[in-house]
Amino acid sequence: MARMLMDPPPIDDKPSIELIFKHGHQDLVQAVAFNSYGDRCATGSVDGKIRVFNRHRDGVWRHCDTWGAHGGEILELQWLPPTIYPNLLASLGIEGRFKIWAEDPSAAPGRRFSSAVRGVSTIFGPTGPISSTIASQRSASGSSTSSGDDKSKPLAAFETRNSRSPYRSFSLKHFEDTRYTYLALASADGRLTVYENEQPENLGDWTQIDEFPVLSARPARGEETAFRVRFDPNAEVCYTALRAGVPMDALGLVVAAMDSVKIYRTRDTVSASLGLTTAVKEFYLAAEVVSGTHRGLVRDVAWAPGNIRGYDIIATACQDGFVRVFSLTTPTPTVNIENEDDDEEDYARYNQENWTTADVLKKHQAPSAKAIKRNKSRLLAEEHKKRERDQGGIGGALAADGGAEGKQQQPASPQISQQGQQPNSPAMSHHSPSASKSGIRAGLDMHTGRSGTSNVEGRRSTSGQPGHIRHVITEISKLDSHRTPVWRVGFDDDGQILGSVGDEGKLMCYRQTPDGTWAKSSELTMLKMRMAAP
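Take any residue in the sequence shown, note its place counting from 1, add 287, and you have its number in the working numbering.
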């Protein structure tokens, strides 16, 4: 009998939600991570164990491997891109150890991630790595030269920890074209460290490229803390940011520390050490959420993929029960360079932030000769300052120290009183702390930024420096669907759907409306109920 037109459509036999009915953990599952293809899932439990599941063609998730990764609660998990061979899984435990696990496809199920043939363990101190050990190679039969306890202990391909303070959050980003991998680690003392790896096959070769504080003061002992760091997931910088002057290979970081949220970008700088200059990436504070916006600890933060919209979107999950969505833009300044009366600083800022004048000038228009001369002199002055800054190592410190001693031998002018002297005058230079140090000590402090007032930290947060591009962060939505503390927030792969999870156990999904704001679109609730046997 033909189906009537008014009959409801037939129900699809395949469920729309695929479930892992029995995850096998003996304790609460704290972390979950999917790979880029969505066919592999890793779960981390409070008991320190990681379980990996694979989705087969029939849509059923089957168990792949289980091992004890950490001695306590697992905070975060992240898969590296599947294009890297072998498959890599990163984890962070409550004890502060960051580990990378490499899969051995030839191993039997249950020993694929925990039977690595070699492992690298590195401990980072205040001045860098202080110890590095390579584990002994295990034979095919599983025998080891160590004791029985070490034999059963899983071996990570790479492991690191901080001797000063335990790590509390991490983020990884891999570039397919350059094969570079970047690792950001946030520690409990409010410092962020970024490492670079040029060959993902060599997991032990990590180079520190930057380290800086994200908090003005270290949290007090016993105070509840919350840290979260996330890289910009987009393969390229937003085109509006490129137009404003952000380098194409610039890195983007959003850091949530306690109740503050900050966005960092990288600029290309030149580092001088012992007469050698190298090109490095230096992070600077691009934007910061206004203090007082979050009335509680920021538990999670997410950077949306899909910046083709012309601006970036960042979402936060706060303890005050709100999910906030922000837009990150890079406005292009509008300065008429034909007007010779324009402020010189505005003109220089326009020249730095715009990558070309063809976007604002017509073909028949051209800057005046006076404007060209002023721009040329400005560029020469900046180049001279940059050259002096690059040469401000040991040689510059010795020269400064010698000049200070020479000025100290000269008697002070009786016509100028001590109160009338300028703080940076030569007569006052011998009273500064940096001048009292030797030339080598002052040069090292100038390079590493360990003096009382770090020049590096000043350049990091001060706008107007070469390469600092102005960013504007604006709150576009404040969602209170949970009405309970929010713990997790995240975007889908296209950046079109925003999901959040709160204390009530509900998954809220939001979509962007035509006016740019975000609104609740759906709600998922998990209910535990007893099924009656047929």
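We treat Cβ as the ideally placed atom computed from N, Cα and C, and that holds for glycine.
From a predicted model like this one, the values you see are computed outputs, not experimental measurements.
Asked: N- and C-terminal bounds of the beta strand (DSSP E) containing Ala-471; Found: 468 to 474
Asked: Close-in-space but distant-in-sequence residues of the same chain around Ser-808 (CB under 8 angstroms, 5 per side omitted); Found: Ile-784, Cys-796, Tyr-797 and Arg-798
Asked: Residues bridged to Ala-806 [DSSP beta-bridge criterion]; Found: Arg-798
Asked: Whole runs of the beta strand (DSSP E) within the region 519 to 590, excluding any shorter than 3 residues; Found: 539 to 544, 547 to 560, 563 to 575 and 585 to 590
Asked: Which of helix, strand or coil DSSP assigns to Ile-595; Found: helix
Asked: Beta-ladder partner(s) of His-461, from DSSP; Found: Thr-468
Asked: Those residues which DSSP pairs with Gly-397 across a bridge; Found: Paired residues: none, contrary to the question.
Asked: Three-way DSSP call (helix, strand, coil) for Phe-385 in this model; Found: strand
Asked: Identity of the residues DSSP links to Ala-482 by a beta bridge; Found: Going by the sequence as given, residue 482 is Tyr instead of Ala. For Tyr-482, which the question treats as bridged, DSSP gives the partners Leu-470 and Gln-495.
Asked: Beta-bridge partners of Cys-605, as assigned by DSSP; Found: Val-585
Asked: Option nearest Ala-473 by Cα separation, candidates Glu-523, Lys-549, Arg-398 and Gly-491; Found: Lys-549
Asked: Cβ pair Gly-331, Ile-371 closer than 7 angstroms; Found: no
Asked: Distance CB(Phe-321)-CB(Ile-387) smaller than 7 angstroms; Found: no
Asked: Simplified DSSP assignment, three categories, for Asn-322; Found: coil
Asked: Limits of the beta strand (DSSP E) - the one that Leu-785 falls within; Found: 784 to 789
Asked: Three-state class that DSSP yields for Thr-512 in the structure shown; Found: coil
Asked: Given Asn-521 as reference, the closest of Thr-556, Glu-463 and Met-545 once Cα atoms are compared; Found: Glu-463
Asked: Assigned secondary structure, Gln-317 (DSSP; H/G/I helix, E/B strand, else coil); Found: strand
Asked: Sufficient close CB pairs (3 or more, under 8 angstroms) joining the region 606 to 615 to the region 759 to 770; Found: yes
Asked: For Asp-352, the first and last residue of its enclosing beta strand (DSSP E); Found: 348 to 355
Asked: Beta-ladder partner(s) of Arg-517, from DSSP; Found: Val-541
Asked: Residues sharing a beta bridge with Trp-366, DSSP; Found: Leu-376
Asked: Ile-595 to Glu-382 span [Cα, whole Å]; Found: 39 angstroms
Asked: Integer Cβ distance of Phe-778 from Pro-592, believed to fall under 8 angstroms; Found: 6 angstroms
Asked: Exposure label - Asp-599; buried when at least 16 CB within 10 Å; Found: buried
Asked: CB contact flag (Ala-513, Val-588, <7 angstroms); Found: no
Asked: Identity of the residue in Leu-470, Pro-506, Ser-503 and Leu-490 nearest Asp-497 by Cα; Found: Leu-470
Asked: 7 angstroms Cβ cutoff, Trp-590 in contact with chain C; Found: Absence of chain C from the displayed structure is noted, only one protein chain being present.
Asked: Local Cβ density within 10 Å of Met-545, reported as buried at 16 or more and exposed below that; Found: buried
Asked: CB-CB length for Leu-538 against Thr-553, believed under 8 angstroms; Found: 5 angstroms
Asked: Cα-Cα separation between Asp-781 and Asp-519, rounded to whole angstroms; Found: 13 angstroms
Asked: Coil, strand or helix - Gly-777 by DSSP; Found: strand
Asked: Contact the region 573 to 585 vs the region 475 to 487: 3+ CB pairs below 8 angstroms; Found: no
Asked: Backbone CA spacing between Tyr-526 and Gln-313 [nearest angstrom]; Found: 48 angstroms
Asked: Between the CA atoms of Ala-559 and Leu-367 - distance to the nearest angstrom; Found: 33 angstroms
Asked: Through-space distance from Lys-793 to Leu-811, alpha-carbon basis; Found: 6 angstroms
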